[in-house]
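Comments concern the structure below.
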Amino acid sequence: MNEEKELKPFYRVEEFKDLMGFSYNQALAVARVFGFRFGKNYLIPRPVVARFLAGEVSREEGERIAHELSVINAESEKKASRGRR
18 MNEEKELKPF
28 YRVEEFKDLM
38 GFSYNQALAV
48 ARVFGFRFGK
58 NYLIPRPVVA
68 RFLAGEVSRE
78 EGERIAHELS
88 VINAESEKKA
98 SRGRR
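Counting the sequence shown from 1 gives a position; my numbering is that position plus 17.
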């Protein structure tokens, strides 16, 4: 029953979102803070995913993610308001 799933070397935002149960914007914030961009996709490395699964995220890291999430939400709102004009 204690089956450990082998983690992939990198996770795309969509895969990380599904794995962690995050919203897309939350997963994107993590990718922007801890991951890197590869082409059009952000990739999150295995060590970061393992730390999140284990719940080993510091307060400072959480604050960086929260700040990035607020930036993403502001960008989304800005894009949405352009469409309402």
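Note that beta-carbon positions come from the ideal geometry of N, C-alpha and C, so glycine has one too.
Rounded C-alpha distance that separates residue 32 from residue 66: 11 Å
Can you tell me the Cβ-Cβ gap for residue 27 and residue 61, rounded? I've got them flagged as a contact below 8 Å. 7 Å
How many angstroms separate the CA atom of residue 49 from the CA atom of residue 95? 19 Å
Which first and last residues belong to the beta strand (DSSP E) in which residue 62 is found? 58-62
Starting from residue 39, trace the beta strand (DSSP E) both ways and give me its first and last residue. Element bounds for residue 39: n/a, residue is neither H nor E.
I'd like to check one pair, residue 82 with residue 30: are the Cβ atoms closer than 8 Å? no
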